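See below for the structure under consideration.
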Amino acid sequence: MAATQTLPRPKQYDDTFFKPISIWLTTTDHKLIGIMYMVTGMLSFVLAGIFALIIRLQLSQPNLSVVDAETYNQLISAHGVTMIFFFVTIFLTGIANYMVPLMIGARDMAFPRVNLLGFWLVPVSILLYYGGFLFGKGALDAGWTGYAPLTEKAYQNGSLGVDFWAMSIIVWAISGIMASTNFLTTIVALRAPGMKLTRMPLFVWAQSSTSILLLIVGAPLAAAMILVECDRQLGTQFFTTQGRPVLYQHLFWFFGHPEVYIMILPGFGMISEIIPVFARKPIFGYMSMVAALFGIVFLSMTVWAHHMFTVGMNTYVETFFMIMTMLIAVPTGIKFFNWIATAWWGSIEFTVPMKFAWGFLATFLIGGITGVYLASVPVDTQLHQSYYVVAHLHYVLFGGSVFTIFAGVYYWFPKITGRLLSKRLGEWNFWTLFIGFNGTFLIMHTLGLEGMPRRIATYTNPAWGTTNMIITVSSFLIAFSVLLFLINIVRSWRGGEIAGDDPWQANSLEWATTSPPPPYNFEKIPPIHSYMPLRDLREASGQPPVPIPALSS
Ligand code: HEM
Ligand SMILES: [Cu+2]
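Numbers given in the numbering used here equal positions in the sequence shown, counted from 1, plus 147.
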């Protein structure tokens with residue numbers, strides 16, 4: 148790649164990033180909005196990570212009081228809420244905002260101004276939530292789920308944290324509904340000539356399924372929050388101890404479980420882009436990949452009460468939710484086997500994005516398997532509210548979302564900035580994350596089996612001290628890894644190796660335009676005869692895919 152290093156810096160590089168603030172504030176360009184989503188998501192990740200470190204310091208040994216119990220409860224909520232609502236979902240919306248129009252050959256999203264409004268509702272939502280800390284005499288302190296009666300006014304001692312949270316989530320849901328409508332309209336209406344549905348990249352399919360899911364479950368979430376507010380401010384009794392607290396759980400989890408898939412399906416899409424490119428083979432079972440996405444969308448709306456096996460439901464109802472939950476392993480398994488079959492006998496290049504993709508497969512598999520255990524009613528009855536659940540949920544969310552997000556960033560950073568991320572830092576980033584992650588969360592399973600409850604501010608059992616210390620030390624290794632990631636982004640953005648239009652010799656349309664793309668995206672759309680137009684072009688010009696040279700260092 149030494150030859151490309153001497154190329155002049157592409158002019159768009161300056162045009163894209165060094166704009167006056169007024170342009171950033173008012174732009175309707177999906178690419179700039181995408182970047183703003185991603186920056187917002189990344190800041191949230193750092194913030195929620197800092198909360199996690201404080202939580203881990205507190206739990207590193209028995210009987211510590213790094214923070215008092217009330218603050219601790221607020222930190223647990225803030226960590227969960229920020230990770231789920233303000234990091235993963237927002238960051239993924241950003242990647243999709245940037246990539247979907249490029250991947251289908253569109254100039255922009257279908258409703259650019261709705262896109263702008265939808266984005267700006269996100270900081271409004273975040274500020275509303277954090278307003279609880281500043282103006283609410285304490286923020287939400289009832290997990291990220293906000294169960295009644297913990298959110299009841301009588302329990303809250305004058306704190307308005309729950310109100311700030313409920314308002315924030317209503318705004319968040321509206322923003323998500325806007326974004327989903329926009330994605331679906333864009334994908335249905337703005338595809339380039341030749342881009343039939345069956346030729347769409349799997350990431351675009353994944354984003355379609357995610358948008359459908361958010362469109363369906365966003366409104367019930369907002370409705371639940373409005374009812375919470377009625378209970379707190381208008382004296383109604385929907386979810387109070389006088390009313391039906393379990394109804395709240397049904398409404399919340401009808402959103403909450405699909406939300407897990409809203410945070411994972413786009414990652415599935417990214418992995419489906421990355422593995423074929425770096426195995427130099429077409430995806431195995433394209434149509435079954437699409438079918439599996441929609442299978443998951445459907446099933447994910449029929450399993451919510453697996454979070455509620457201990458509330459005292461009818462046995463037949465529990466059995467239904469148990470079976471439906473186990474069924475989700477079928478479409479997910481199809482995807483897993485297809486990814487492995489894609490790589491099978493491929494000429495695999497272990498670039499950094501590919502490493503993160505395999506890191507995802509390894510960790511998400513563990514989360515998926517413990518999920519099948521937890522789906523079993525008798526097992527869940529034992530493990531509910533224990534650290535086993537904390538271990539499971541992080542294998543799913545950290546393994547499923549963080550590893551895929553990092554894979555996606557290493558993969559698409561050259562398209563967005565015109566420069567490659569450093570490979571050397573990237574390898575360090577991957578291995579520290581992989582080791583730190585497993586060190587943190589693997590032994591949490593054991594703690595859970597030994598009976599350590601989740602959401603406790605401290606514990607007295609000295610036998611849990613060593614395990615907890617290992618977990619805390621490992622969590623700081625994760626923090627170190629994230630720091631490497633951020634350093635890599637900043638350094639490479641300013642001075643990384645120039646990437647060229649298509650550094651990976653990839654398959655999909657976004658690589659046909661310049662890096663970074665011009666405001667109008669494409670000067671000319673190449674002919675599209677399959678879901679791999681760029682590979683077709685290379686083959687037509689008698690230039691089959693070649694091994695990627697050792698990129699950057
Ligand atoms: C940066 C590494 C992370 C560390 C060290 C970490 C650590 C923790 C800890 C110690 C808890 C509290 C468990 C308890 O005692 O109840 C927790 C809860 C939680 N975490 Fe993380 N976490 C990390 C990343 C993430 C990510 C990436 C997500 C989601 C995308 C996430 C989502 C959650 C959720 C939803 C809860 C449950 C909050 C509740 O109980 O309501 N975490 N995490
Ligand atoms: Cu669930």
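Ideal Cβ positions, reconstructed from N, Cα and C, are used throughout, including at glycine.
Note that the structure is a prediction, hence the values are computed from the model and not measured.
In this structure, His404 has its beta carbon less than 7 Å from a heavy atom of ligand 2. Excluding its 5 nearest sequence neighbours in each direction, Ile418 has C-beta neighbours in its own chain below 8 Å: Trp486, Ala504, Phe507, Leu508, Thr551 and Ala554, listed in chain order.
For Pro367, the closest of Lys343, Ile316, Leu344 and Gln354 by C-alpha to C-alpha distance is Ile316. The three-state reading of DSSP puts Ser533 in strand, counting E and B together. Just so you know, the alpha carbons of Ser494 and Arg427 end up roughly 6 Å apart. Its chain contains Gly612 as the residues whose beta carbon lies nearer than 6 Å to that of Gln208, once the 5 sequence neighbours on both sides are disregarded; these appear in chain order. By the beta-carbon neighbour count (other beta carbons within 10 angstroms, threshold 16), Leu172 is exposed. Rounded to the nearest angstrom, the Cβ distance from Thr579 to Ser621 is 10 Å, too far for a contact under 8 Å. Judged by their CB atoms, Glu670 and Leu249 are not nearer to each other than the 8 Å cut-off.
Not one heavy atom of ligand 2 lies closer than 7 Å to the C-beta of Val193.
Between Tyr245 and Lys178, the gap from beta carbon to beta carbon is short of 8 Å. Between the alpha carbons of Phe483 and Ser639 lies a distance of about 32 Å.
Between the stretch 228 to 243 and the stretch 186 to 198, the count of C-beta pairs closer than 8 Å reaches three or more; the two stretches touch.
Just so you know, the alpha carbons of Thr332 and Arg260 end up roughly 14 Å apart.
When Gln529, Ile582 and Thr388 are compared, the shortest CA-CA separation from Met455 is found for Gln529. In this chain, the alpha helix (DSSP H) harbouring Tyr245 covers Thr236 to Met250.
Within the same chain, Ile231, Val235, Thr236, Leu239, Leu544, Gly547 and Ser548 come within 8 Å of Met410 by CB-CB distance, once the 5 residues on both sides are set aside. If you look at Trp352, you'll find it in the alpha helix (DSSP H) that goes Leu349 to Glu376. For Pro600, the secondary structure class from DSSP, reduced to helix, strand or coil, is strand. Checking the 7 Å criterion, the Cβ of Val235 is within range of a heavy atom belonging to ligand 1. Within the model, the alpha-carbon separation for Thr660 versus Thr457 is close to 54 Å. Every alpha helix (DSSP H) stretch that sits fully inside the stretch 432 to 475 and reaches 4 residues is listed by chain position as 433 to 447 and 462 to 474. Exclusion of the five residues before and after Val351 leaves Val247, Met250, Ile251 and Ile334 as the residues of its chain whose Cβ lies within less than 7 Å of its Cβ. In this structure, the CA atom of Gly265 is about 9 Å from the CA atom of Ile324. One Cα belongs to Gln380, the other to Trp491, and the distance between them is close to 59 Å. Inclusion of Ser628 and Asn576 in the CB contact set at 8 Å is warranted, their separation being smaller than that value. Taking the C-beta atoms as reference points, Val556 is found no nearer than 8 Å to Arg601. Annotated three-state conformation of Arg566 is strand, per DSSP.
The residue from Phe441, Pro429, Pro423 and Leu374 with its alpha-carbon nearest to that of Pro405 is Phe441. Short note on His454: C-beta closer than 7 Å to some heavy atom of ligand 2. For a cut-off of 8 Å, the C-beta gap from Tyr534 to Gly514 is around 14 Å, too long to register as a contact. The Cβ-Cβ distance between Tyr395 and Phe402 does not fall below 8 Å. Between Ala371 and Leu412 a beta carbon distance of about 23 Å is seen, past the 8 Å cut, so the two are scored as non-contacting. For Trp312, the distance from the CB to the nearest heavy atom of ligand 1 is not below 7 Å.
When DSSP reads this structure, Ile645 sits in a beta bridge with Arg566. The beta carbon of Thr357 lies closer than 7 Å to those of Ile409, Leu412 and Pro413 in the same chain, with the five residues before and after it left out.
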